[in-house]
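Shown next, in the form of structure tokens:
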């Protein structure tokens with residue numbers, strides 16, 4: 042069993058970008074990560090942000106951090122990044 | 003692609019009608035392993051500046067230059083040992099798919115003389131934007147990178163996305179990366195074309211299940227490669243492979259892998275399993291192996307060539323030395339010759355090209371339905387050439403395992419190859435109808451597909467969908483089945499997506515209306531009709547559909563049902579249109595006796611005005 046400190050890359054999918062012009066996706070993603078991890082420096086947590094065509098980010102999370110994020114009102118789903126294949 | 007476009011009627015140059023100014027304004031996003039930018043297939047010679055709508059960039063990394071053909075490049079692959087961080091193709095796959103979709107026409111191309119012809123894409127005048135998400139080895143193609151590629155491709159304003167990538171199993175949409183990316187692409191009017199997968203012929207093996215994705219199965223073309231084996235007694239046997247090596251007809255001693263080992267049991271040695279062959283027993287000989295999976299083992303031990311056995315007869319591969327793959331009966335002929343001859347000898351000839359292959363036939367490897375996530379949405383959607391396709395490649399990648407050669411064009415097989423064919427055709431159709439939505443393009447291609455032969459294809463429509471793509475007829479489909487973003491939101495409501503999930507995905511604050519929540523997936527306005535029924539009792543299912551007139555303004559279409567095993571009633575069965583883009587709805591009621599488990603019964607509904615034939619499959623099956 043993975044102990045809670047094991048982290049893996051999860052995709053946090055947040056759906057369509059909010060239409061509000063003042064919405065700043067990356068700062069939203071950063072504050073969500075800071076809330077969930079309790080860490081202010083999240084550079085080595087945040088793998089990438091999705092912010093041009095839809096909303097979300099990829100981050101290194103523990104299982105319990107994943108669960109917290111998945112329950113949030115602004116999150117659709119949180120699922121592990123996995124390896125697909127060329128066909 | 004030297005023959006696949008001719009095979010489906012899309013002749014090169016003036017041979018086909020083209021809208022070159024719009025084609026040149028078309029941008030195809032290729033999410034794959036990058037490209038070899040120096041390839042002639044991606045030369046910018048003769049191209050004007052990128053289209054005004056282009057919002058992308060050329061960030062292909064060090065020593066990666068774009069041009070007016072290859073207008074954009076981004077990469078999402080992590081640093082890999084020994085490989086420069088760039089959009090450069092280290093696998094050959096991305097160059098192949100990009101050139102199949104939209105590569106320049108390059109004359110007199112072959113694989114060491116094999117398959118000679120003009121390599122080209124479906125829309126050679128179109129531009130290519132590269133989004134590299136795969137590199138060799140670990141971690142391969144990561145979903146977090148793929149999602150980033152969609153995020154950029156959509157915002158960069160590509161017209162169409164082709165992605166020949168998939169997983170081993172299907173997932174619910176909200177955890178399916180390609181479904182998520184494709185949904186937001188569809189919402190912005192971008193069609194995503196995706197390979198069905200190579201896990202066939204078993205049922206329910208495809209992973210591309212979302213209705214807003216265009217899922218492509220693979221078939222062969224009339225061109226095949228034959229690699230003859232000539233025995234010492236003069237008998238000639240046809241085998242499959244793409245063998246460019248010439249032994250000049252010299253015959254070499256034959257040895258069976260089973261008796262060429264000093265370290266393994268006969269049971270392992272007969273397959274030429276790694277570490278089993280003894281070089282003293284195989285050096286300078288032709289080795290017989292009961293499997294085509296480890297050909298380079300024999301080569302490493304000094305064999306001159308190998309003759310192997312396989313049950314898959316419909317596709318040939320490239321090997322790093324002379325190999326011919328025989329069907330069991332033919333392989334046994336060689337075995338019995340060897341067992342009955344004192345000094346058995348043979349030779350393997352260089353491959354020859356034949357144009358007499360029965361085609362199109364669905365490829366054995368092509369993944370099949372039914373759709374495990376949405377049983378009432380038929381997948382795959384369409385079939386296109388995927389077997390033995392010659393297209394651009396990357397000299398950074400070996401053309402086969404343990405191969406020391408470097409080539410700029412090579413032959414690949416898979417639904418990875420059929421996918422960009424459909425992407426090329428979709429872009430071609432779009433040049434005649436630039437304002438058509440993704441679903442209209444998809445409908446035009448599906449309702450005009452060549453029928454494929456159910457009697458020779460296990461699982462029929464679950465193997466080939468609507469049939470084989472026909473680019474020329476698809477330009478004028480007559481009627482189309484449209485499904486826009488709100489139709490797909492209703493579809494999701496019917497699948498109990500509601501509340502926060504739906505609001506976030508749709509980006510709208512609305513919840514599902516009662517009507518929407520009650521909608522059935524089979525009533526999505528899809529260019530095929532599918533229903534899973536129980537096995538225990540007779541069934542009666544209805545489908546509601548709406549067609550849009552894109553043919554002649556004044557037109558009257560009459561319904562006809564082909565296929566007798568289903569009782570089908572169409573109401574109304576005559577549709578009269580007075581104007582273009584006018585919509586008419588109808589109901590189809592399908593009934594029949596109870597079905598055996600895992601059996602399917604199909605028919606086709608054809609709307610015809612005497613000129614257009616708008617044909618869609620009706621499939622009823624028992625789980």
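Chains as they are written, first to last, in this note's numbering: chain X, 42 to 128; chain E, 3 to 625. All C-beta atoms, glycine included, are put in the ideal place defined by N, C-alpha and C. Keep in mind it's a predicted model, so treat the numbers as computed, not measured.
Query raised in the report: Can you give the beta carbon distance from residue 87(E) to residue 503(E), rounded, assuming they're within the 8 Å contact cut?
Result: Locating residue 87(E) in the second chain gives position 85, counting from the first residue. Locating residue 503(E) in the second chain gives position 501, counting from the first residue. In fact, because the Cβ distance is near 36 Å, the residues do not count as touching under 8 Å.
Requested in this report: Compare the C-beta of residue 56(X) with all C-beta atoms of chain E and state if any pair is closer than 7 Å.
Outcome: Counted from its first residue, the first chain places residue 56(X) at position 15. Answer yes: the Cβ-Cβ gap between residue 56(X) and chain E drops below 7 Å somewhere.
Query raised in the report: Using the beta-carbon of each residue, which ones in chain X are nearer than 8 Å to residue 157(E)?
Result: Numbered from its first residue, the second chain carries residue 157(E) at position 155. Taking a Cβ-Cβ cut-off of 8 Å, the neighbours of residue 157(E) in chain X comprise 93, 94, given in sequence order.
Report task. Rank 434(E), 496(E), 506(E) by C-alpha distance to the C-alpha of residue 524(E) and give the top, closest one. Result -> By 1-based counting over the second chain, the position of residue 524(E) is 522. Taking only the C-alpha atoms, the option nearest residue 524(E) is 496(E).
Requested in this report: Take residue 445(E) and list the residues in its own chain whose beta-carbon comes closer than 6 Å to its own, dropping the five residues that flank it on each side.
Outcome: The count along the second chain starts at 1 and reaches residue 445(E) at position 443. Beyond the five residues adjoining it in sequence on each side, residue 445(E) comes within less than 6 Å, by CB distance, of 482, 483, 529 in the same chain, given in chain order.
Query raised in the report: Among 506(E), 292(E), 536(E), which one has its Cα closest to the Cα of residue 114(X)?
Result: Here residue 114(X) corresponds to residue number 73 of the first chain, with the count starting at 1. When only C-alpha atoms are compared, the closest one is 506(E).
Query raised in the report: Counting Cβ pairs, one atom from each stretch, are 3 or more of them under 8 Å apart for the stretch 191-210 of chain E and the stretch 159-175 of chain E?
Result: Yes: at least three Cβ pairs fall under 8 Å.
Report task. Mark residue 198(E) as exposed unless 16 or more other C-beta atoms lie within 10 angstroms of its C-beta, in which case mark it buried. Result -> Looking up residue 198(E) in the second chain gives position 196. That one is buried.
**Report entry** residue 374(E) to residue 293(E) span [Cα, whole Å]
**Finding:** Position 372 of the second chain, counting from 1, holds the residue named residue 374(E). Position 291 of the second chain, counting from 1, holds the residue named residue 293(E). Approximately 32 Å, taken between the alpha carbons.
Query raised in the report: How about residue 441(E) and residue 386(E): are their beta carbons less than 7 Å apart?
Result: Sequence index remark: in the second chain, residue 441(E) carries index 439 (1-based). Sequence index remark: in the second chain, residue 386(E) carries index 384 (1-based). No. Outside cutoff.
Requested in this report: Could you tell me how far apart the beta carbons of residue 242(E) and residue 184(E) are, in whole angstroms, since I believe they sit closer than 8 Å?
Outcome: The residue labelled residue 242(E) in the question sits at position 240 within the second chain. The residue labelled residue 184(E) in the question sits at position 182 within the second chain. That pair is no contact at about 35 Å.
**Report entry** Inter-residue CB distance, residue 200(E) and residue 417(E) (contact presumed, cutoff 8 Å)
**Finding:** Start at 1 with the first residue of the second chain, and residue 200(E) comes out as number 198. Start at 1 with the first residue of the second chain, and residue 417(E) comes out as number 415. A Cβ-Cβ distance of about 6 Å is found for the pair residue 200(E) and residue 417(E), placing them in contact under the 8 Å criterion.
Query raised in the report: Hey, quick one: how far does the beta strand (DSSP E) through residue 620(E) stretch, first residue to last?
Result: Start at 1 with the first residue of the second chain, and residue 620(E) comes out as number 618. Secondary structure note for residue 620(E): its beta strand (DSSP E) is the uninterrupted segment 615-624.
Requested in this report: Under 6 Å Cβ to Cβ from residue 44(X), same chain only, skipping five residues before and after it: list those, please.
Outcome: Position 3 of the first chain, counted from the first residue, corresponds to residue 44(X). Any reading at residue 44(X) is ruled out, since the residue's pLDDT is 45, under 50, leaving its predicted position unreliable.
Query raised in the report: When DSSP labels each residue in this structure, what does residue 164(E) get in the three-state scheme?
Result: Sequence index remark: in the second chain, residue 164(E) carries index 162 (1-based). Strand.
Report task. Could you run through the stretch 98-114 of chain X and flag, in chain order, every residue whose CB is less than 7 Å away from some CB of chain E? Result -> Result list: 99, 114.
Query - Separation of residue 210(E) from residue 106(X), as counted between CA atoms - result: Residue mapping note: residue 106(X) aligns to position 65 of the first chain, counting from 1. Residue mapping note: residue 210(E) aligns to position 208 of the second chain, counting from 1. Cα atoms of residue 106(X) and residue 210(E): separation of roughly 30 Å, rounded to the nearest angstrom.
Query - Whole-angstrom C-beta distance between residue 126(E) and residue 628(E), which should lie under 8 Å - result: Summary: the structure shown does not reach residue 628(E), with chain E confined to residues 3 through 625, and so no result is reported for it.
Query raised in the report: Starting from residue 393(E) and walking both ways along the beta strand (DSSP E), at which residues does that stretch end?
Result: Working through the second chain from its first residue, we reach residue 393(E) at position 391. Run containing residue 393(E): 391-394, per the beta strand (DSSP E) assignment.
Report task. Could you confirm whether any beta carbon from chain E is found closer than 7 Å to the beta carbon of residue 68(X)? Result -> Residue numbering aside, residue 68(X) sits at position 27 when the first chain is read from its first letter. It does not; no Cβ of chain E falls within 7 Å.
Requested in this report: Over the uninterrupted beta strand (DSSP E) stretch that includes residue 510(E), give me the two end residues.
Outcome: Translated into the one-based positions of the second chain, residue 510(E) becomes position 508. That residue, residue 510(E), is in no beta strand (DSSP E); it is neither H nor E in DSSP.
Requested in this report: Give the range of the alpha helix (DSSP H) segment to which residue 606(E) is assigned.
Outcome: As a working note, residue 606(E) is residue 604 in the second chain. For residue 606(E), there is no enclosing alpha helix (DSSP H); the enclosing beta strand (DSSP E) covers residues 602-610.
Requested in this report: Report the residue ranges of all alpha helix (DSSP H) runs contained in full by the stretch 416-482 of chain E; include only those spanning at least 4 residues, in chain order.
Outcome: Within the stretch 416-482 of chain E, the complete alpha helix (DSSP H) runs of at least 4 residues fall at 417-434, 440-449, 463-466, 473-476.
Query raised in the report: In whole angstroms, what separates the C-alpha of residue 127(X) from that of residue 393(E)?
Result: If you number the first chain from 1, residue 127(X) lands on position 86. If you number the second chain from 1, residue 393(E) lands on position 391. Rounded to whole angstroms, residue 127(X) to residue 393(E) spans 16 Å at the Cα level.
Query raised in the report: I think residue 52(E) touches residue 73(E), with their Cβ atoms under 8 Å apart; what is that distance to the nearest whole Å?
Result: Here residue 52(E) refers to the residue found at position 50 when the second chain is read from its first residue. Here residue 73(E) refers to the residue found at position 71 when the second chain is read from its first residue. Confirmed, about 4 Å.
Query - Contact list for residue 136(E) against chain X, beta-carbon separation under 8 Å - result: As a working note, residue 136(E) is residue 134 in the second chain. Those within 8 Å of residue 136(E) in chain X are 127.
**Report entry** Partners in chain E for residue 82(X), counting only beta-carbon separations shorter than 8 Å
**Finding:** For the purposes of this step, residue 82(X) is taken as the residue at position 41 of the first chain. For residue 82(X), none of the residues of chain E pass the 8 Å Cβ criterion, the least Cβ distance being about 21 Å.
Requested in this report: Just the chain E side, please: which residues come within less than 9 Å of residue 48(X) by C-beta, in chain order?
Outcome: The residue you call residue 48(X) lines up with position 7 of the first chain. Within 9 Å Cβ-Cβ: nothing; residue 48(X) doesn't reach chain E, min ~14 Å.
Query raised in the report: For the beta strand (DSSP E) that residue 127(X) lies in, which residues bound it at each end?
Result: In the first chain, the residue the question calls residue 127(X) occupies position 86. Start and end: 124-127.
Requested in this report: Could you tell me which uninterrupted beta strand (DSSP E) segments, each at least 3 residues in length, are contained entirely in the stretch 210-256 of chain E, listed from first to last along the chain?
Outcome: Counting whole runs of 3 or more residues, the stretch 210-256 of chain E contains the beta strand (DSSP E) stretches 215-221, 226-233, 238-242.
Query raised in the report: My guess is that residue 208(E) and residue 369(E) are in contact by the Cβ rule of under 8 Å, so how many angstroms apart are they, rounded?
Result: In the second chain, residue 208(E) corresponds to position 206, counting from 1. In the second chain, residue 369(E) corresponds to position 367, counting from 1. Indeed, because the Cβ distance is near 4 Å, the residues count as touching under 8 Å.
Query raised in the report: Can you pull the DSSP bridge partners for residue 531(E)?
Result: As a position in the second chain, residue 531(E) is number 529, starting the count at 1. Residue 531(E) is bridged to 620(E).
Report task. Indicate whether at least one CB of chain X lies closer than 7 Å to the CB of residue 423(E). Result -> Indexing the second chain from 1 puts residue 423(E) at position 421. Not a single C-beta of chain X is nearer than 7 Å to the C-beta of residue 423(E).
Requested in this report: At 3 residues or longer, and completely inside the stretch 69-144 of chain E: list those beta strand (DSSP E) runs for me, N to C.
Outcome: As far as the stretch 69-144 of chain E is concerned, its whole beta strand (DSSP E) runs of at least 3 residues are 72-77, 108-113, 116-121, 129-134.
Query raised in the report: Going by the beta-carbon positions, is the gap between residue 145(E) and residue 118(X) smaller than 7 Å?
Result: The residue labelled residue 145(E) in the question sits at position 143 within the second chain. The residue labelled residue 118(X) in the question sits at position 77 within the first chain. In terms of Cβ geometry, residue 145(E) and residue 118(X) do not form a close pair [threshold 7 Å].
**Report entry** Proximal chain X residues relative to residue 168(E), where beta-carbon distance stays under 7 Å
**Finding:** By one-based count along the second chain, residue 168(E) stands at place 166. Going along chain X in sequence order, the residues near residue 168(E) (Cβ under 7 Å) are 125, 126, 128.
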